[in-house]
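Visitor: Can you keep this structure in mind? I'll have questions shortly.
2 protein chains.
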Amino acid sequence: MQHRYQILKPDWIVTVNADFEVLQDYAVVIEDNRIQSLASIDEIQQLPCFAEAEIIDLPGRVLMPGLVNSHTHASMSLLRGIADDLPLMEWLGEHIWPAEAKWVDAAFCVDGFQLAAAEMIRSGTTCMNDMYFFADEVARSAEQMGMRVVVGLIVLDFPSVWAANADEYLHKALAVHDEVRGMRLVDSAFAPHAPYTVADGPLRQIAMYSNELDVPVHIHLHETASEVADAERNNGQRPIDRLDQLSLLNSNLIAVHMTELNEFEIERIAEVGVNVVHCPESNLKLASGICPLTTLLDKGINVCLGTDGAASNNDLDMFGEMRTAALLAKGFSGNASACDARQTIEMATINGARALGMADRIGSIEVGKCADLIAIDLGDLNTQPVYDPVSQVVYAAASRQVSDVWIDGVAQLRDSEFCQLDVSRIIATAASWANKIRG
Amino acid sequence: MQHRYQILKPDWIVTVNADFEVLQDYAVVIEDNRIQSLASIDEIQQLPCFAEAEIIDLPGRVLMPGLVNSHTHASMSLLRGIADDLPLMEWLGEHIWPAEAKWVDAAFCVDGFQLAAAEMIRSGTTCMNDMYFFADEVARSAEQMGMRVVVGLIVLDFPSVWAANADEYLHKALAVHDEVRGMRLVDSAFAPHAPYTVADGPLRQIAMYSNELDVPVHIHLHETASEVADAERNNGQRPIDRLDQLSLLNSNLIAVHMTELNEFEIERIAEVGVNVVHCPESNLKLASGICPLTTLLDKGINVCLGTDGAASNNDLDMFGEMRTAALLAKGFSGNASACDARQTIEMATINGARALGMADRIGSIEVGKCADLIAIDLGDLNTQPVYDPVSQVVYAAASRQVSDVWIDGVAQLRDSEFCQLDVSRIIATAASWANKIRG
Chain A
1 MQHRYQILKP DWIVTVNADF EVLQDYAVVI EDNRIQSLAS IDEIQQLPCF
51 AEAEIIDLPG RVLMPGLVNS HTHASMSLLR GIADDLPLME WLGEHIWPAE
101 AKWVDAAFCV DGFQLAAAEM IRSGTTCMND MYFFADEVAR SAEQMGMRVV
151 VGLIVLDFPS VWAANADEYL HKALAVHDEV RGMRLVDSAF APHAPYTVAD
201 GPLRQIAMYS NELDVPVHIH LHETASEVAD AERNNGQRPI DRLDQLSLLN
251 SNLIAVHMTE LNEFEIERIA EVGVNVVHCP ESNLKLASGI CPLTTLLDKG
301 INVCLGTDGA ASNNDLDMFG EMRTAALLAK GFSGNASACD ARQTIEMATI
351 NGARALGMAD RIGSIEVGKC ADLIAIDLGD LNTQPVYDPV SQVVYAAASR
401 QVSDVWIDGV AQLRDSEFCQ LDVSRIIATA ASWANKIRG
Chain G
1 MQHRYQILKP DWIVTVNADF EVLQDYAVVI EDNRIQSLAS IDEIQQLPCF
51 AEAEIIDLPG RVLMPGLVNS HTHASMSLLR GIADDLPLME WLGEHIWPAE
101 AKWVDAAFCV DGFQLAAAEM IRSGTTCMND MYFFADEVAR SAEQMGMRVV
151 VGLIVLDFPS VWAANADEYL HKALAVHDEV RGMRLVDSAF APHAPYTVAD
201 GPLRQIAMYS NELDVPVHIH LHETASEVAD AERNNGQRPI DRLDQLSLLN
251 SNLIAVHMTE LNEFEIERIA EVGVNVVHCP ESNLKLASGI CPLTTLLDKG
301 INVCLGTDGA ASNNDLDMFG EMRTAALLAK GFSGNASACD ARQTIEMATI
351 NGARALGMAD RIGSIEVGKC ADLIAIDLGD LNTQPVYDPV SQVVYAAASR
401 QVSDVWIDGV AQLRDSEFCQ LDVSRIIATA ASWANKIRG
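Chains as they are written, first to last, in this note's numbering: chain A, 1 to 439; chain G, 1 to 439.
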């Protein structure tokens, strides 16, 4: 039974508010699922709720907003490591798509989602922007587990186990959108897979619905140079230009990957407020190209971070993704000051919340927001000594040092132990899938 | 009290032998400090030593050779995170060198070394190639801790707390070389800091001693484009050409960084057998440039991996370094098959052993070699399910999943607990240094 009030007393609070304040000798008061106060230790003791609150000491720990993984295919965790060291189209065409065709059903999606969600909670992610099949079942599972998720309302031109054609995908998309509206932890986004797998007709409909319902559109875009070259050859048009004509290029768009961008495109997406999800580890591993992160940040574009699916990463660790993003930006731009620790944390938190249209609810530690919070224990060898907790989080901490996680006020991890999930069962289920798939 | 025989029974053995055999249902027998047998579970039970051996079950774990960190400045862990997001020369000139001038003494070196060694053991590194001051004290500390180290016999033109001039550095180098020859776990290498900090005279002497004594020479080389451009402007010669003239370009050379290489230089280092240490995270973080790893591997050059010091990384985690090396190679070369999981593990183990002239003793699981071994528990969420243990080690495992570590047959970590080191004391000592340094 959870107390109505929880008071968290860490050594440092990295607020990720507009001033990026880092506070010492402060505490956070959670009331039910919300952040009720952020105040000095002295002030906290004067609050009326102090006597009835659960006081949670977090010595040696940094408290920060939970991480937002802005692009993933959670259920694909069941295919982690099934094929590596291959280029994108060979990896997809010869390994991933055949395995999916053979094995993906509702049970696969739910079991894979649970493995991924547990891995994410363990590593400090409290919200994911997902794109995969059976969004209805995944939504119910997320709600029941206590994981915050934006389910992708997937749309393709070709049949899958989920739908037979674009009309049916769209029909199901609207049905799932409707179903999740009443859920506590689930939002939805239209998720046309990519420009090369969805025709103009359904994309136009998605643009219309997105605009009417004010729902984000989550799409793979300009992932590789060959995607863009193929489109130019086949349609005489680059994919971004096509989406622009189809009224999709706006602040509801969550454009994933974006490794191949010309100057005009960068100006245009800055102008209309497109959100970009940078997935550095997936892009590197599949040799897809490198997103020009520092240029996008300099233009004021909202860039967030995603792990992509575990089949192409191969973990769902946003600490790894933060580090890779920061290091790659410096190395790729030749500027060691590029993408500093603060910007990196913003990409992994508030920028993701913004892309998902949820910045009023999550992404920072501010009064009134949902209590999606994580604590990181800097007491380990690899994060000692501590001169700057922000530097430690980005450049030294391992995700395993996440000691405590709250999602919507509910403790999911306390002192490195899961409070709600039966992890042994989740792992055993994943292993039994692998036994079947391995054959 | 340790048994004379230890029999390790993991789920998988990644031998890193010439065929890169991955064995299941096999066990490793350690006799004192050596690998005495590698045989099937059935055969092991027939061995005469079976009855008196300690049987160590390692369920769900991969056993592999301990990782070799081929370039580090261990004691600098006390400066971890003191300055970030800065280019190399500003970072060195305005932050690191002043802090070193003020604080480095024998106690700093030993305490920093112990923090680094403990972090390395915790993350699966069993041997480091170090370069810093007070190599004598560090050697004694390593021997006492049970950490395998190659201490760098540092040489500079300018005075430091360790020596007043090149003559004194060389004199001390030979004295330390002599002292460590009798030690169980310590080797030494000449460590002229870099071409731009050591004049021709001392480099010529090092070349002579290295050749006479067959001792490696560990040097920062072609770390940045500006290092090479400055040398060309000041000396009319690229540093590699200069080292070649000084008889240092040979298979005893351990050349660290090597981001700036022309075709001729690559041919030349391949021809003479120079060893290259790739430090991808340090190079990215300081925007130093990117080592052309895949080209070097294609030419058959022995490339190994190093973390560099914790002040520029900011951890000493060879799992992170493996992942970054593999991903960066793919992304940078545009070939997703480049630097596959197997090559990556070789760089982190046997290639490092080769560079250090220790491939007859460490770097693989083969009968007769020293028992420098690590076990990695793949039972965690982020490494489930398991299709391929080699893929999991490189692309999914976190260093925190290292559950067991033996160095020279001595268990240093068992079931994630340190067996020999007083880690609380090490951390407290590091924190007290930070308090002083922070002022």
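Here a beta-carbon is modelled for each residue, glycine too, at the ideal position from N, C-alpha and C.
1) Once DSSP output is grouped into helix, strand and coil, what is the label at H220 (chain A)?
2) When burial is assigned at 16 or more other CB atoms within 10 Å of the CB, is W97 (chain G) buried or exposed?
3) Count the other CB atoms within 10 Å of the CB of N275 (chain A); is the residue buried (16 or more) or exposed (fewer)?
4) Quick one, which of G:I350, G:A191, G:G81 and G:F190 has its alpha-carbon nearest L316 (chain G)'s?
5) Quick one: is Y440 (chain G) near chain A, going by C-beta distance under 9 Å?
6) Measuring straight from C-alpha to C-alpha, what distance separates G320 (chain A) and F133 (chain A)?
7) Using a 10 Å radius around the Cβ and a threshold of 16 neighbouring Cβ atoms, would you call P443 (chain A) buried or exposed?
8) Can you list the residues of chain B that E281 (chain A) reaches, using a CB-CB cut of under 7 Å?
9) Run the CB neighbour count on I266 (chain A), radius 10 Å, all protein chains shown included, and call it buried at 16 or more, exposed below.
10) Where does R505 (chain G) fall in DSSP's three states?
11) Would you verify that the beta carbon of A396 (chain A) is, or is not, closer than 9 Å to some beta carbon of chain G?
12) So is W97 (chain G) in contact with chain A if we call contact Cβ pairs under 9 Å?
13) For L115 (chain G), I'd like the list of residues in its chain whose CB is within less than 6 Å of its CB, leaving aside the five on either flank, ordered along the chain.
14) Beta carbon of L373 (chain A), beta carbon of P65 (chain A): below 9 Å?
15) Kindly indicate which three-state DSSP category S432 (chain G) falls into: helix, strand or coil?
16) If you draw a straight line from the alpha carbon of K102 (chain A) to that of D136 (chain A), how long is it in whole angstroms?
17) What are the uninterrupted segments assigned as alpha helix (DSSP H) that are 4 or more residues long and contained completely in the stretch 8-63 of chain G, given in chain order?
18) Assuming E143 (chain A) contacts R184 (chain A) under a Cβ cut-off of 8 Å, what Cβ separation, rounded to an integer in Å, is found between them?
19) May I ask you to list, following chain order, the residues of the stretch 105-138 of chain G that have a beta carbon less than 8 Å from some beta carbon of chain A?
20) Ordered along the chain, which non-local residues of its own chain (more than five positions away) have a Cβ less than 6 Å from that of V405 (chain A)?
21) Since R148 (chain G) is in the beta strand (DSSP E), which residue starts that stretch and which ends it?
22) Between W433 (chain G) and chain A, is any beta-carbon pair separated by less than 9 Å?
23) For H193 (chain G), I'd like the list of residues in its chain whose CB is within less than 6 Å of its CB, leaving aside the five on either flank, ordered along the chain.
24) Using three-state DSSP, classify Y132 (chain A) as helix, strand or coil.
25) Excluding the 5 residues flanking A396 (chain G) on each side, which residues of the same chain have their C-beta closer than 8 Å to its C-beta?
26) What residue does the alpha helix (DSSP H) around R323 (chain A) start on, and which one ends it?
27) Determine, using beta carbons only, whether G384 (chain A) comes closer than 9 Å to chain G.
28) Below 9 Å on C-beta distance, what does S399 (chain A) contact in chain G?
29) DSSP beta-bridge partners for I374 (chain G)?
30) Would the beta-carbon of T294 (chain G) fall within 9 Å of that of A329 (chain G)?
31) When you compare the CB positions of L79 (chain A) and A428 (chain A), do they come within less than 9 Å of one another, or not?
32) For N17 (chain A), which of A:Y387, A:E366 and A:D408 has the nearest alpha-carbon?
33) Opposite T72 (chain A) in the DSSP bridges: which residues?
34) If we cut at 9 Å on Cβ distances, does S391 (chain A) have a partner in chain G?
35) Report the CB separation of S123 (chain A) from V390 (chain A) in whole angstroms; it is logged as a contact under 8 Å.
36) Note down, in chain order, all residues in the stretch 193-214 of chain G with a beta-carbon under 7 Å from any beta-carbon belonging to chain A.
Guide: Walking through what the data contain:
1) strand
2) exposed
3) buried
4) G:G81
5) With chain G covering only 1 through 439, there is no way to say anything about residue 440 (chain G).
6) 26 Å
7) In the structure displayed, chain A extends from 1 to 439; residue 443 (chain A) sits before or after that span and is not available.
8) Note that chain B does not occur in the displayed structure, where the protein chains are A and G.
9) buried
10) Residue 505 (chain G) falls outside the range modelled here, since chain G spans only 1 to 439, and no answer is possible.
11) It does; some Cβ of chain G falls within 9 Å.
12) Not closer than 9 Å to any Cβ of chain A, the Cβ of W97 (chain G) fails to qualify, so no.
13) S77, I426 and A430
14) yes
15) helix
16) Those two C-alpha atoms are separated by around 21 Å.
17) 41-46
18) 6 Å
19) L115, A118, E119, R122 and S123
20) I121, I374, Q412 and L413
21) Here the beta strand (DSSP E) through R148 (chain G) covers R148 to V155.
22) yes
23) Correct list, in chain order: L156.
24) coil
25) N382 and T383
26) M318 to S333
27) Here residue 384 (chain A) is Gln; the residue named in the question, Gly, does not match the sequence. Taking Cβ atoms only, chain G reaches closer than 9 Å to Q384 (chain A), which makes this a yes.
28) N382, A398 and R400
29) By DSSP's assignment, I374 (chain G) forms a beta bridge with G:M64 and G:V405.
30) Result yes, Cβ atoms of T294 (chain G) and A329 (chain G) sit closer than 9 Å.
31) The beta carbons of L79 (chain A) and A428 (chain A) sit no closer together than 9 Å.
32) Closest by alpha carbon: A:E366.
33) A:D130
34) yes
35) Actually they do not touch by this definition, with Cβ atoms about 18 Å apart.
36) none
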